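I have placed the structure first, in the form of structure tokens, so that the comments after it can refer back to it.
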Amino acid sequence: MVLVQTEQEIRNPVRNERLAFVAKQGAFRGNYVNHDARVARGVVGVTAKRGTQLSSDIAFETHAVSRGEPIASTLRGSRLSMLGTVELDRGSVVEEIENREEGVEQRWHFDNAPSGTGDLVISVAVTGHASVATSKHGLHFLAADGLGFRYSHGRWLDGAGEAWDVPATWENGKIVLRVPQQLLDVTVFPATLDPTIEAEEGVDDPISGTLGQNAVAPAIASRVDGFLAVWADQRASAQHDIYASRITPSGVVLDSRGILVNAATGTQTAPAVGRANERYVVAFSSAGDLAAATVDDENVVTQLGTVHATAAVETAPSIAGNGTNAVLAWQSGSDVYQSFYNGTSFGAPVAIAATAANETDPAVAASPMGYLVVYGDDAGLKGQLLDLAGAPSGTAFTINLNSTTGGEPAATFNGTDYVVTFNIGSDVYGARVTTVGTVTDPNGVALGSGVGLQNTSTVNCDSSACLVAWNDTRDLATTGYDIYGQRFNFDMTLEGTNFAIQTAARYQVTPAFAIGSAGYIGVWDDGRTGGNSQIIGTGVTSAGAVTDAVGFVVTRNNNNEQEAVTSHGPTTEVVGWADSRVLGNDIMTVRYNGTGGARLDGTARTVSGAEHDQSTPAVVWDGTNFVYVWSDARNGLNRDIYAARMSTDGTVLDATGLAISTATGDQLVPDVASSGTNSLVVWMDRRAGNFDIYGALVTG
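Here the sequence shown is numbered in numbering that gives the first Met the number 0, starting from 0 and rising by one per residue.
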């Protein structure tokens, strides 16, 4: 009997042999044309490549996996799988690293429901990056040389094939992925969470610019040598997060990309900010509950967690500091509550007004004797005194019986009395309240009045007088909503007349002011560009002079490049987009070689840099030139359609743009096609009230 043996090649069933990790030089290593990857001792190191340029190494490491309590983090071992991936044994969790064409996928496998209660939270430590930015696509980590990676949002995939998006957020210096308990309850296990670390190669390198996404609901507080403005914005996703920036007494914005205060799951809105215990305390509505955080003078953010969570919606917070302590008031459904901050944490919520009436719009002021909480109810504007420990002192009292729409009150302290401002009809009124609860001006004193609507006031006092500012529609037909102000003395007599703080086109609303060492700094929600709302600010001196007539941009970040379009000519390809490097988007473009793909422009070219917003571009090759079209807000309250031609050598032939349609109402979202001789431009049009589709032929 002869045993005949045959040989055959047994191949490792990797998904793509070129991408498989290999064990080499004490690590598992993989690469692709745009990145190198290395896994050693549980750390994933990535290096971006652009041609011959290499970035410095950025490292990602699982810091903790928890569900109310730690589940896993310590590395027990690692191995190379038959699929060419690296498996990291972390006990009840297996972390798997896969090299892919787009980058490196980091995923965590759960065979069974994680032990514990509450949300499943995975945090990832990051080292080696020079900066981090957020966008709707994820977190962006740049090395010092400008190359970097995007850490994408995750996807939670269960054993039944169902998938849910899990956002990646940047919290306290780490990436955080949070799978809500409600999602865990319906998951069919096994399940996997799988973000990807993607190498980035931008068409245009990021530069410092404006936010390029909506920012709303500003608030501001001060310390001796500066201010902190807070707001809600959408830079990371369609849901709002809370950001902040420091501002000097002279109006210089110090944080070019803002300070992330909170980006928890859900929407964070309506921030309020005060100063207590040598730090800023920020409160905000978080997915319908009330939460808070502190920002110290080194920009370190500490989450204080949930202050109040009920079946009702917690909103409209207001906070006032009093040295070490502070009082936070808010609206809970149709009631008003408050919580005392002792310098480190908030106490249990206490009802200020919880009757069958509608109690709304609280505002808080602090004095050396305690606090005043004011709020609107069905019978007018009410007040409640609190002592220095935040306990109610006496009963609620009426400040004004004629206040309207909840009163929209604001409150401050002038050194002797509390000063309250509020709405009566279409005007702004004020009244003083003593520290023992006597209303000195029960009928109110008119502060802001005139043609149109004056409402939503903010009030602050320096050592000799007070400043009230508000929304104003006296010039609604020409400039929309504006910001006006009025100085008044401690006896409520007016200093001069109402004066304009900001009257740019379209709208400026919801002002918030604070007093500092060199006068007032104010911020507001500004829609002058016709595009995304931004937070703009200015200074106002104690004499009532506006220090920055145009206003300074508070909401700064890496410029946002969006709405990308492309077109091909015989030898040239162009990529265009709307760019937020200046206030109000411009239309930018870059040329590429149409056959070899080489980039022809070292820096982006401006197709249109007109005033205000240019957005939603489209582009086509017409046989001779590239024709760009876009929606343009340069002409006032409505948007129009403009166009410009660019030759293959990059010359913009219509530097100021060609007006395609400037009809009444908005013209929006254009598109363009060409026969090779003529171009057809089409758009959405509201000249007749509703949206219709219009078009125009463009020759040459």
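C-beta atoms are modelled at their ideal positions from N, C-alpha and C, and glycine is treated no differently. Note that the structure is predicted; figures quoted are calculated from it, not measured.
Classification of residue i by the beta-carbon crowding that lies within 10 angstroms, buried from 16 upward
i: K381; result: buried
i: Q7; result: Residue placement at Q7 is flagged as unreliable, the pLDDT there being 32, under the threshold of 50; the coordinate-derived value follows with that caveat. Q7 comes out exposed.
i: H128; result: buried
i: F690; result: exposed
i: L183; result: buried
i: R17; result: exposed
i: V251; result: exposed
i: L696; result: exposed
i: T126; result: exposed
i: A476; result: exposed
i: R75; result: exposed
i: I692; result: exposed
i: T602; result: exposed
i: E60; result: buried
i: E97; result: buried
i: E407; result: buried
Boundaries of the beta strand (DSSP E) in which residue i is found, first to last residue
i: D631; result: F625 to D631
i: A243; result: D240 to I246
i: Q533; result: Q533 to V539
i: Y483; result: D481 to N488
i: H108; result: G102 to F109
i: H307; result: V300 to H307
i: S255; result: S255 -> no beta strand (DSSP E), and no H or E assigned at all.
i: M645; result: D639 to M645
i: T698; result: D691 to T698
i: V92; result: Segment: none, V92 is in no beta strand (DSSP E) and carries neither H nor E.
i: F59; result: I57 to S65
i: Y279; result: R278 to S285
i: V545; result: Unbroken run through V545: none, as it is neither H nor E.
i: Y370; result: G369 to D376
i: D612; result: Here D612 belongs to no beta strand (DSSP E), and DSSP marks it neither H nor E.
i: K381; result: G379 to L385
i: R274; result: Q267 to A275
i: R149; result: G147 to S151
i: Y506; result: It is not in any beta strand (DSSP E) - Y506 carries neither H nor E in the DSSP assignment.
i: W459; result: Sequence check: residue 459 is Asn here, not Trp. It spans Q453 to C460 - the beta strand (DSSP E) in which N459 sits, taken as one unbroken run.
Unbroken alpha helix (DSSP H) run spanning residue i, endpoints
i: Q180; result: Q180 to V185
i: A476; result: L475 to T478
Residue i and residue j closer than 7 Å at C-beta
i: Q666; j: R638; result: yes
i: W523; j: T509; result: yes
i: L466; j: Y428; result: no
i: G375; j: D360; result: yes
i: I586; j: Q613; result: yes
i: R590; j: T570; result: no
i: L400; j: S425; result: no
i: A198; j: F140; result: no
i: A292; j: V306; result: no
i: D240; j: R177; result: no
i: D295; j: R278; result: yes
i: V444; j: V438; result: no
i: A214; j: I534; result: yes
For residue i, the three-state DSSP class (helix, strand or coil)
i: L652; result: coil
i: L18; result: helix
i: T354; result: coil
i: F27; result: strand
i: T661; result: coil
i: H34; result: strand
i: G688; result: coil
i: V223; result: coil
i: L156; result: strand
i: G587; result: Note that residue 587 corresponds to Met in the displayed sequence, not to Gly. Reduced to three states, the DSSP call for M587 is strand.
i: V606; result: strand
i: M683; result: strand
i: D600; result: coil
i: S77; result: strand
i: P669; result: strand
i: D471; result: strand
i: G521; result: strand
i: N261; result: strand
Residue i CB to nearest heavy atom of the ligand GDP below 6 Å
i: T615; result: Ligands displayed in this structure: none; no statement on the ligand GDP is therefore possible.
is_contact[residue i, chain B] using C-beta, thresh 7 Å
i: G526; result: In the structure shown, chain B does not exist; there is a single protein chain.
Handout entry: Within the region 555 to 583, ranges of the beta strand (DSSP E) (whole runs, at least 3 residues)
Key = 555 to 557, 560 to 567 and 571 to 578
Handout entry: Segments of 3+ residues assigned as beta strand (DSSP E) that fall wholly inside the region 393 to 448
Key = The qualifying runs are 409 to 412, 417 to 423, 426 to 432 and 444 to 447.
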